[in-house]
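S.K.: Read in this note's numbering, the sequence shown has 225 at position 225, and its numbers run on one by one without any break. Dropping the structure in here first, questions after.
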Amino acid sequence: MDRAFVKEKIAERIAEIDQELKIHPERRSDLAWQKIWQNQPRQYPVLSLNRITDISAGEGKSAPHPFSSPEEHLLTKLDDLTRPLALLNPIAPILPTGLGPGTLATCFGLTVQAEAGYVPATSLSLAQALKQGMPDPEKSGWLPLIKQEILVARELTPSWMKIALPDTQGPFNLAHLILGNESFTAPFTQPEKFFSYLEIVTEFFVEVNKKFREWITAERLPEGKVDSVSIAECSVNLVSADFYRRFILPFDLRVAKNWKYVDIHTCSGPHVFQVTLDSFPNLVATEAGFIEKACAGWTPVELAVRLIQGRQIILRIGEELPADFNQAEEYVKKRLLLARNNHQLSFSFTGMYWKKTDEPAIRKLHRRLDDFWAKEVWPLACGGKN
Ligand SMILES: [Zn+2]
């Protein structure tokens, strides 16, 4: 497609999105998050009710290389933006950027597998990684393509359309991505070299995060992202709390110093939840919820709510639901009731056994939960002006 034609399509699509956003205030996660940040009750639950990829329905085929033309790539993302409405799930005028968890792997010279969600197909030894040193935080790997992606989004979309930060993981997740299994043994077998390398990765993480904010600009960043940094700690669930304190926390704290707030993706790991809650005075958001097959277990929501009490911390609740729709309904309702007294909760649920053919039932359940919120949560939410 030629550029002028694509630009025309982009403008048309933006006008459509503008309309869809206006007629669905009840699905707007951006509006819900404004309330969550302000610790105010919200009129709509804006909860997510999902199913996983249904291979039996032919889903889960690989995605094409996204950077063939930045304009066409933008158009694809705009097309996807209101797709969650099909399951009555949240939408927002926020454009994703980057390539998911593996986004920074190419900066370290690693080959990524598009069909597996851009995760690295190779790893480096600690000796190789140290020899290679810190990648250029602006020019290495796919960073120039991501910069172009961001600049095109800024140029071709209006200012009310926000631009999300790419997924930069966290210092230890990156070390795991680069070094593979050696990231778990090197702290004991080559502690000095491990610490030297983590320093390099941490500096890169901070520099890249600053660059992305510079490229996107404060005006275009989504709510809360100017002052906060996200650290994903998934790999910490493979080590002990003591390992985290000794070998990972010092670097996370170094990251945290650069921003007003820290937002932790715990992957629901119980010791990650506890240690990060204890260690970061500026913790602004964390996570909890039932995940059946998690390596290190999961953080119960009731416990998490109790532990954060008295601190202004956003709790993202992410949980797996039973296959039975009645059981799932009772489960979610119990969670929604927590919002009567806590306005800093977000809700995301996934039916791990639900198939594509269950979609009508998922939508019906969604409507029942919306009604429940309207009758049992919103009118009784304390502190609101409703
Ligand atoms: Zn994770």
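The beta-carbon is built from N, C-alpha and C at its ideal position, and this holds for glycine as well. Because the structure is a prediction, the values reported are computed rather than measured.
1) Hey, which unbroken runs of the alpha helix (DSSP H) at 4 residues or more fall wholly within the stretch 105-179?
2) Ligand 1 and C382: does any heavy atom of the ligand fall closer than 6 Å to the residue's C-beta?
3) Determine which residues share a DSSP beta bridge with N50 and list them.
4) Does L369 pass the burial test, meaning 16 or more other C-beta atoms within 10 Å, or should it be called exposed?
5) Counting C-beta neighbours from all protein chains within 10 Å, is the total for W160 16 or more, i.e. buried, or is it exposed?
6) How would you call T76, buried or exposed, if buried means at least 16 neighbouring beta carbons within 10 angstroms?
7) Among residues of its own chain, excluding the 5 on either side of A105, which ones have a beta-carbon nearer than 8 Å to its beta-carbon?
8) Take the Cβ of E115 as the centre, count every other Cβ of all protein chains shown within 10 Å, and call the residue buried at 16 or more, exposed below.
9) DSSP three-state call for V226: helix, strand or coil?
10) Regarding C295 and ligand 1, is the C-beta to nearest heavy atom distance less than 6 Å?
11) Among A328, L88, I146, which residue has its Cα nearest to the Cα of R367?
12) Here's a check: name, in chain order, each residue in its chain whose Cβ is nearer than 7 Å to the Cβ of F280, leaving out the five neighbours to either side.
13) Can you name the residues that DSSP bridges to A285?
14) Considering only residues of the same chain and omitting the five flanking positions on each side of F212, which have a CB-CB separation below 7 Å?
15) Which value, in whole angstroms, describes the spacing of the CA atoms of F194 and I17?
16) Compare the beta carbon distance of P187 and F247 with 7 Å and say whether it is the shorter of the two.
17) So, is Q344 buried or exposed, given that buried needs 16 or more other C-beta atoms within 10 angstroms?
M.R.: Put simply:
1) Counting whole runs of 4 or more residues, the stretch 105-179 contains the alpha helix (DSSP H) stretches 126-132, 143-156, 171-179.
2) One-based indexing of the sequence shown puts residue 382 at position 382. Proximity of the beta carbon of C382 to ligand 1 is not indicated: no heavy atom of the ligand is located closer than 6 Å.
3) Stepping through the sequence shown from its first residue, residue 50 is reached at position 50. For N50, which the question treats as bridged, DSSP gives the partners T350.
4) As a first step, residue 369 is located in the sequence shown; it is residue number 369 there, counting from the start. Within 10 angstroms of the beta-carbon of L369 lie 16 or more other beta-carbons, which makes it buried.
5) The residue you call residue 160 lines up with position 160 of the sequence shown. By the C-beta density criterion, W160 is exposed, having fewer than 16 other C-beta atoms within 10 angstroms.
6) As a working mapping, residue 76 is identified with position 76 in the sequence shown. Exposed, since its Cβ has fewer than 16 Cβ neighbours within 10 Å.
7) The sequence position of residue 105 within the sequence shown is 105, counting from 1. Excluding positions up to five away in sequence, the list reads V112, Y118, V119, P120, G141, L177, I178.
8) As a working mapping, residue 115 is identified with position 115 in the sequence shown. Exposed is the call here.
9) Here residue 226 refers to the residue found at position 226 of the sequence shown. Reduced to three states, the DSSP call for V226 is coil.
10) As a position in the sequence shown, residue 295 is number 295, starting the count at 1. No, the Cβ of C295 stays beyond 6 Å of every heavy atom of ligand 1.
11) As a working mapping, residue 367 is identified with position 367 in the sequence shown. Per the Cα distances, L88.
12) Taking the sequence shown and counting its residues from 1, one reaches residue 280 at position 280. For F280, where only same-chain residues beyond five positions count, the Cβ hits under 7 Å are A256, V262.
13) Position 285 of the sequence shown holds residue 285. For A285, DSSP records a beta bridge to D263, I314.
14) Within the sequence shown, numbered from 1, the residue matching residue 212 stands at position 212. So the list reads L165, P166, once near-sequence residues are dropped.
15) Your numbering for residue 194 matches position 194 in the sequence shown. Your numbering for residue 17 matches position 17 in the sequence shown. Their Cα atoms are separated by approximately 48 Å.
16) Against the sequence shown, residue 187 aligns to sequence position 187. Against the sequence shown, residue 247 aligns to sequence position 247. For P187 and F247, yes; Cβs fall inside 7 Å.
17) Translated into the one-based positions of the sequence shown, residue 344 becomes position 344. Q344 is buried by the Cβ-count criterion.
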